[in-house]
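Below is one structure, written out as structure tokens; the observations come after it.
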Amino acid sequence: MSRAINMADKRLHTNLAGIYMNTPVLTASGTFGFGEEFAEFVDLSRLGGVMVKGTTLKPRRGNEGVRITETPMGMLNCIGLENPGVDVFLQETLPRLANYNMNVIVNISGSTVEEYGILAEMLDVPGVAAIELNVSCPNVKEGGIVFGTDPKAAAAVVKEAKAYTKKPVILKLSPNVTDIVTMAKAVEDAGADIISLINTLMGMEINIHTQKPTLGNVTGGLSGPCVKPVALRMVYQVAKAVKVPLIGMGGISCAEDAIEFLLAGASAVAVGTANFNDPTVTMKICDGISDYLAQRHLESVQDIIGAAL
-8 MSRAINMADK
2 RLHTNLAGIY
12 MNTPVLTASG
22 TFGFGEEFAE
32 FVDLSRLGGV
42 MVKGTTLKPR
52 RGNEGVRITE
62 TPMGMLNCIG
72 LENPGVDVFL
82 QETLPRLANY
92 NMNVIVNISG
102 STVEEYGILA
112 EMLDVPGVAA
122 IELNVSCPNV
132 KEGGIVFGTD
142 PKAAAAVVKE
152 AKAYTKKPVI
162 LKLSPNVTDI
172 VTMAKAVEDA
182 GADIISLINT
192 LMGMEINIHT
202 QKPTLGNVTG
212 GLSGPCVKPV
222 ALRMVYQVAK
232 AVKVPLIGMG
242 GISCAEDAIE
252 FLLAGASAVA
262 VGTANFNDPT
272 VTMKICDGIS
282 DYLAQRHLES
292 VQDIIGAAL
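In our numbering, the protein residues as written are -8 to 300.
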């Protein structure tokens, strides 16, 4: 059983681009619903924030067929951004989330650059702490180019969102690129307030009995402990190259993992796939970071951010 953190203990308190957080531990989008689904297991006020399920302009049913399969030390998914759409989120979900004392960060996806601006403007409302831009979706206008693998396209998405919101804008980097630093610098120059990384790695699985791909979408996003070394490396590289704060994510499943990301330069961390194995894992990670600081007689989590750089 996780213990209750003394909220007066300011060691875990942090400020991320103007967002005050009780702890540097968030939950990654797509792995924690809208947060309220976990309220039975998690004291949401102890989290730095909840990055809610990916939201689009129109409702999406998601992909057909098998959408999740377990892999060695990880998981492949191709959910396809299933969500009720931004109107339902604003009218029904966001008012319910006001009952919880937590930062709500809305992850948005658009099919065009213009859609990111529309969504950013619609979500520039009380109750939304920040907006995270998911740039790993197809760019329909450009014939299938993915925003997340083109520095100019990713920068254009940031500029569009920034033009329509006063909220902090987070750009979530895809790891499916050759040079992650080039992508990070491009979105920083475009005005991103925070960079989060990494999104899932592209992967696939083939069922040897059916002799067909397991996932209905053929390929999917790989996440879980197996991707942690890749994610940690990318956070380390980006932290050395940019000045904006980073949210590190990718395979974090315990306090030791989270501390590694903080040492690598992340100002906060987000927990994703591990929530499926243990819905209380974020609380244990908060406790573990607190213990680590106490054992070393450190006064603030800021004392370890980037210590390995």
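Cβ coordinates follow ideal geometry from the N, Cα and C atoms, glycine included.
7 Å Cβ shell around residue i - same chain, five flanking residues per side excluded
i    : result
L284 : R2, V292
M301 : Within the shown structure, residues of the chain are numbered from -8 to 300, placing residue 301 beyond reach of any answer.
F252 : L223, V226, G239, I243, V260
G9   : P159
T84  : F25
K176 : A232, V233
Nonlocal neighbours in the same chain, by C-beta distance under 6 Å from residue i, ignoring five residues either side
i    : result
G345 : Because the chain is modelled from -8 through 300, residue 345 falls outside the range shown and cannot be assessed.
G39  : M12, T14, P15, V16, L17, A259
T210 : M193, M195
A257 : V226, L237, G239
G212 : N68, T191
H200 : none
Residue span of the alpha helix (DSSP H) that contains residue i, given as start and end
i    : result
E27  : Taken as a continuous stretch (DSSP letters only), E27 belongs to no alpha helix (DSSP H), as it is neither H nor E.
M225 : 219 to 230
V148 : 142 to 153
E247 : 246 to 254
N321 : Limits of the chain in this structure are -8 at one end and 300 at the other, which puts residue 321 out of reach.
For residue i, three-class secondary structure by DSSP
i    : result
T173 : helix
S291 : coil
S281 : helix
L38  : coil
P129 : Confidence in P129 is poor, its pLDDT being 48 and thus under 50, which makes the residue's placement unreliable; the coordinate value appears in the next sentence. In this structure, P129 counts as strand in the three-state DSSP scheme.
A89  : coil
P216 : helix
L313 : This structure leaves residue 313 out entirely; the chain is present only between -8 and 300.
G51  : Position check: residue 51 holds Arg in this sequence, whereas Gly was assumed. In this structure, R51 counts as strand in the three-state DSSP scheme.
T273 : helix
V302 : Residue 302 lies beyond the stretch modelled for the chain, which goes from -8 to 300, so this question has no answer here.
S157 : Per the sequence presented here, residue 157 reads as Lys, with Ser not at that position. DSSP places K157 in coil when its eight states are reduced to three.
G139 : helix
G134 : Low confidence applies here, because G134 scores a pLDDT of 46, under 50, leaving its location unreliable; read the following figure in that light. It is coil, neither helix nor strand.
8 Å Cβ shell around residue i - same chain, five flanking residues per side excluded
i    : result
N268 : S244
N6   : M12
G207 : N54, E55, G56, V57, R58, C69
G134 : Low confidence applies to G134: its pLDDT is 46, below 50, so where it sits in the model is not reliable, and the reading given next is rough at best. There are no such residues.
V79  : P50
Minimum C-alpha distance to residue i - residue among the options
i    : options                : result
I295 : I250, P270, V262       : I250
C217 : P75, G242, A152        : G242
V33  : N92, R58, L67          : N92
I96  : R87, A19, D170         : A19
G76  : R87, M64, T60, K44     : K44
G194 : D248, S214, S187, T201 : S214
L88  : G211, K203, M42        : M42
T205 : E105, A8, E27, E61     : E61
N98  : A121, D248, G26        : A121
K219 : G263, E73, V126        : G263
Q82  : A147, V116, G9         : V116
N90  : G182, A152, F25, S187  : F25
I197 : L67, I10, E31          : L67
S281 : G21, E31, R37, A30     : R37
I276 : E290, A246, H288       : A246
F23  : P270, I171, A154       : P270
L254 : L188, G297, I186       : G297
A183 : K153, D248, L300       : K153
Limits of the beta strand (DSSP E) - the one that residue i falls within
i    : result
I109 : Element bounds for I109: not the beta strand (DSSP E) but the alpha helix (DSSP H), 104 to 113.
E73  : Per DSSP, E73 belongs to no beta strand (DSSP E) and is neither H nor E.
M193 : 192 to 195
V233 : Note, V233: premise wrong, no beta strand (DSSP E); not H, not E.
L17  : 16 to 18
T5   : 5 to 7
G65  : 65 to 68
S100 : Premise fails: S100 is in no beta strand (DSSP E) and is neither H nor E.
L188 : 185 to 188
A259 : 259 to 262
I243 : Where I243 is concerned, there is no enclosing beta strand (DSSP E), given that its DSSP letter is neither H nor E.
I59  : 59 to 62
Exercise for review: Mind the definition here: the segment 146 to 166 touches the segment 99 to 117 only if three or more C-beta pairs lie below 8 Å; say whether that holds.
Suggested key: Here the segment 146 to 166 makes contact with the segment 99 to 117; the two share three or more CB pairs at distances below 8 Å.
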